[in-house]
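Chains as they are written, first to last, in this note's numbering: chain G, 47 to 394; chain U, 7 to 91.
Inspection log for the structure reproduced underneath, given as structure tokens.
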Amino acid sequence: MGVFLPIGTRKGLFFVRSADGRSWEVEGPLLPGWSVYHAMADPRDGTLHAATNNPFYGATTHRSRDGGKTWERSEELGLPEESGLKLNATWHLEPGADAELWLGGDPGVLFRSDDGGETWQVNRGLLEHPTRERWQPGAGGMCTHSVQLVDGTMYVGISAAGAFRSEDGGESWTPINKSVAAEFMPDPYPEVGQCVHKLLAHPKQPERLWQQNHCGVYRSDDRGDNWERLDGNGLPTSFGFPLALDSDDPDVAYVIPEQSQEHHFSAEGRLGVYRTADAGASWELASEGLPDRAWVAVLREGLAYDGAGNIYFGTQNGSVWTAPRGGAQWTEAVRDLPPILSVEVAAA
Amino acid sequence: MAVVLLPAVLAAEAGGQKRFELDAATVGEALRQLPLQNLLFDETGELRRLINVFVDGTDARGGRLLEEPLTPTSEVRVVGAVAGG
């Protein structure tokens, strides 16, 4: 079983590989000096793409067509001057239809590239969204961190702005936040302003969406028109960031709850992955092999799953953990990397 | 020819070249010849806030910054601002 994990860290990109799923090799850091908020290998041609940020030199993307030996930086990436906005960070890369590539960024923006990441065009539908003046950046900024394309429909999740759906290729966006709480707002159920932490659509049941939100875990069975809150069903807290699914079973999801919005570490002082196998009706702790006493954070891009159901996550203290489908037994594949920002699974 | 010296991250982005010899009358003219435009300048054309430029050892932010004049023997050093402990 060959595994290849591009791991984005605060101090560059690392490749974590295993030929057998038991022994692991680390290569890196690549792109030293850059915080890699997300990195992935495009399944269409194997090109590696990274959302790269540096406190001095700004937000950009890098790509490599030779497995990470050499890298090119995007040439055109920024916001139009008339918007009055500046690009604060690049957050998430997502392959789209045909040759298109999508990039989510802060402040609540989305870009499209038709040349493999060399140049990027801002999505006007989100940039000029009529509700934008009601989006209020939170502690993590206002990042477009979730970009999903399923069955011809696009979804984005934006922290402190909410979830949005487009059925015309990104020309226009409909807020889909009904019944999703924004307990930090004067109106706890506004049209927009919810703080989505991660949003995923199920690849084989495209009308089913999941989100880990600032205020709870939710599932929708109608493409986001309505949401059901699921965190009263066995989760220790409602707060957390990462989310993973099982590509074969739409009723399975994984979250890693944190203590609270004030205390960003693993809930109840243990590193626990919680799994539902009944669409969120109940959650069970899957922590065999994980440390019982731990105060660890796993960020929104830090949890991934592959087509075989294996799950992987990376922690802020630099460990990568893996488990086969179900999460029954966890193994620490790698430790002592820099703080991990993202984990992805690529073709080995 | 003025000389521009880059820190490691920028040199890596410039194909590994740390030292550039350029014909430029001002700091702005020199920086705009480097293959690093979107790293040095934001989308409004402003020099990024945490980039400092020293001309012959003097902070150009204390002078005319991009309009700071250069001579053929000037040494321009691009430096990330010191932040934190």
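The beta-carbon is built from N, C-alpha and C at its ideal position, and this holds for glycine as well.
My understanding is that residue i touches residue j, with C-beta atoms under 8 Å, so please give their C-beta distance in whole angstroms.
i, j, result
"Leu325/G", "Gly372/G", "The question names Leu, yet the displayed sequence has Ala at residue 325/G. Not confirmed; about 16 Å, so no contact."
"His95/G", "Leu139/G", "5 Å"
"Leu76/U", "Ala36/U", "6 Å"
"Arg321/G", "Ala340/G", "About 18 Å; that fails the 8 Å criterion."
"Gly239/G", "Arg275/G", "With a Cβ gap of about 17 Å, Gly239/G and Arg275/G do not count as contacting."
"Leu336/G", "Gly318/G", "7 Å"
"His410/G", "Trp219/G", "Outside the modelled stretch of chain G, which goes from 47 to 394, sits residue 410/G, for which no answer is possible."
"Glu334/G", "Gln375/G", "5 Å"
"Val49/G", "Ala394/G", "6 Å"
"Asn163/G", "Thr107/G", "Here residue 163/G turns out to be Gly, not Asn, going by the sequence shown. Rounded, the Cβ-Cβ distance is 6 Å, consistent with contact."
"Ile204/G", "Gly154/G", "5 Å"
"Asn169/G", "Arg158/G", "6 Å"
"Ile222/G", "Ala207/G", "The Cβ separation is near 12 Å, so there is no contact."
Would you kindly check if the distance between the Cβ of residue j and the Cβ of residue i is under 8 Å?
i, j, result
"Thr93/G", "Val82/G", "no"
"Ala379/G", "Ser64/G", "yes"
"Phe287/G", "Lys244/G", "yes"
"Trp166/G", "Leu123/G", "yes"
"Pro13/U", "Val61/U", "no"
"Gly184/G", "Cys241/G", "yes"
"Leu45/U", "Gly151/G", "no"
"Pro296/G", "Phe285/G", "no"
"Thr368/G", "Ala343/G", "no"
"Glu49/U", "Leu133/G", "yes"
"Ala19/G", "Ser365/G", "The requested residue 19/G is not part of the displayed model; chain G covers only 47 to 394."
"Gly215/G", "Ser293/G", "no"
"Leu156/G", "Val202/G", "yes"
"Leu195/G", "Gly113/G", "no"
"Val9/U", "Arg25/U", "yes"
"Phe47/U", "Leu53/U", "yes"
"Val62/G", "Leu51/G", "yes"
"Val88/U", "Val59/U", "no"
"Glu81/U", "Leu11/U", "yes"
"Arg211/G", "Gly270/G", "yes"
"Trp137/G", "Cys189/G", "yes"
"Gly171/G", "Glu217/G", "yes"
"Ile53/G", "Leu383/G", "yes"
"Tyr300/G", "Ile386/G", "no"
"Asn474/G", "Gly74/G", "Residue 474/G lies beyond the residue range present for chain G, which begins at 47 and ends at 394; the question has no answer from this structure."
"Ala87/G", "Ala392/G", "yes"
Per the DSSP calculation, residue i is bridged to which residue(s)?
i, result
"Tyr300/G", "Ala290/G and Arg321/G"
"Tyr396/G", "This structure cannot settle anything about residue 396/G, because the visible part of chain G is limited to 47 through 394."
"Ala247/G", "Leu255/G"
"Met200/G", "Leu195/G and Ser212/G"
"Met86/G", "His95/G"
"Ile222/G", "DSSP lists no partner for Ile222/G."
"Ser205/G", "In DSSP, Ser205/G forms no bridge with anything."
"Trp148/G", "Glu140/G and Arg158/G"
"Phe50/G", "Arg63/G and Ala392/G"
"Tyr235/G", "DSSP, once it has assigned bridges, lists no residue as partnering Tyr235/G."
"Phe230/G", "Phe230/G pairs with nothing; no bridge assigned."
"Arg295/G", "Before going on, a small fix: residue 295/G reads as Asp here, not Arg. Asp295/G is bridged to Asp292/G."
"Gly71/G", "Here the sequence assigns Glu to residue 71/G, which means Gly is not the residue at that position. Paired residue(s): Arg63/G."
"Asn100/G", "Gly104/G"
"Gly184/G", "Gly187/G"
"Val263/G", "Gln258/G"
"Leu133/G", "Answer by DSSP bridge pairing: none, since Leu133/G is not bridged."
"Arg275/G", "Tyr264/G"
"Leu331/G", "Tyr320/G"
Does residue i get closer than 8 Å to chain B when you measure Cβ to Cβ?
i, result
"Thr77/U", "No chain B is part of this structure, whose protein chains are labelled G and U."
**Asked** If you measure beta-carbon to beta-carbon, which residues of the region 102-121 of chain G are closer than 7 Å to chain U?
**Response** For the region 102-121 of chain G, the residues whose beta carbon sits under 7 Å from a beta carbon of chain U are, in order, Phe102, Tyr103, Gly104, Thr106 and Arg119.
**Prompt:** For the region 34-83 of chain U, which segments carrying the beta strand (DSSP E) assignment without a break, of at least 3 residues, lie completely within its bounds, in sequence order?
**Reply:** If we require 3 residues or more, the beta strand (DSSP E) runs fully inside the region 34-83 of chain U come out as 57-61.
**Request:** Could you list the residues in the region 10-25 of chain U with a C-beta less than 8 Å from some C-beta on chain G, going in chain order?
**Result:** Only those residues of the region 10-25 of chain U whose C-beta falls short of 8 Å from the nearest C-beta of chain G are listed: Ala14, Val15, Leu16, Ala18 and Glu19.
**Asked** Just by C-beta distance, which residues in the region 48-66 of chain U are closer than 8 Å to chain G?
**Response** Taking 8 Å as the Cβ-Cβ cut-off against chain G, the residues of the region 48-66 of chain U that qualify are Asp48, Glu49, Thr50, Arg54, Leu56 and Ile57.
**Prompt:** Just by C-beta distance, which residues in the region 127-145 of chain G are closer than 7 Å to chain U?
**Reply:** Under the 7 Å Cβ criterion, the region 127-145 of chain G contributes Glu127, Lys132 and Leu133.
**Prompt:** Using Cβ-Cβ distances below 9 Å, what residues of the region 71-102 of chain G are close to chain U?
**Reply:** Taking 9 Å as the cut-off between beta carbons, the residues of the region 71-102 of chain G near chain U are Leu77, Pro78, Gly79, Trp80, Asn100, Pro101 and Phe102, in sequence order.
**Interface positions of the region 150-176 of chain G facing chain U (Cβ-Cβ less than 7 Å), listed along the chain** = Those residues of the region 150-176 of chain G that come within reach of chain U (Cβ to Cβ, closer than 7 Å) do not exist; the list is empty.
**Message:** Which residues of the region 31-45 of chain U have a Cβ closer than 7 Å to any Cβ of chain G? Give them in chain order.
**Reply:** Contact residues of the region 31-45 of chain U toward chain G are Asn44 and Leu45 (C-beta to C-beta distance below 7 Å).
**Interfacial residues, the region 289-304 of chain G to chain U, with Cβ spacing under 7 Å** = Cβ contacts with chain U come from no residue of the region 289-304 of chain G.
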